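*Asks:* Okay, so the sequence shown: first residue is 113 according to the numbering used here, each after it adds one. Every residue gets a Cβ at the ideal spot worked out from N, C-alpha and C, and that includes glycine. Treat the numbers as computed from the prediction; the structure is a model and nothing was measured. Here's a structure for you.
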Amino acid sequence: MPKLKTHKGTKARVKVTGRGKVKAMRSGKRHLNAKKSGGRIRKGRTDLVVSEPEAKRIKALLPYE
Numbered sequence: 113m114p115k116l117k118t119h120k121g122t123k124a125r126v127k128v129t130g131r132g133k134v135k136a137m138r139s140g141k142r143h144l145n146a147k148k149s150g151g152r153i154r155k156g157r158t159d160l161v162v163s164e165p166e167a168k169r170i171k172a173l174l175p176y177e
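This is the structure in structure tokens:
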């Protein structure tokens, strides 16, 4: 059986924690930030814990993480 390949795009965007949860950065803060409030921009700095069904799909793309 051939080796499983890691999906590099997913690996660059998410991190699997020690307990197996999947963390990703929040979206929507690259540009057009002038009209957003400071609180909204600060909230964008925090990591987002991905939901369990989505985490299951992401882990399938990262077999060795």
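Per DSSP, what kind of secondary structure is K171 in: helix, strand or coil?
*Replies:* Residue state, collapsed to three classes: helix.
*Asks:* Between the region 148-157 and the region 118-136, can you find at least three pairs of beta-carbon atoms closer than 8 angstroms?
*Replies:* Taking 8 angstroms as the limit for Cβ pairs, the verdict is that the region 148-157 does not touch the region 118-136.
*Asks:* Mapping the DSSP letters down to three states, classify K141 as helix, strand or coil.
*Replies:* Coil, per DSSP.
*Asks:* Going by the DSSP bridge assignment, what does K135 pair with across the sheet?
*Replies:* According to DSSP, K135 bridges with K127, V161.
*Asks:* Under 9 angstroms, do V180 and L174 count as touching if we go by C-beta distance?
*Replies:* With the chain covering 113 to 177 only, the question about residue 180 has no answer from this structure.
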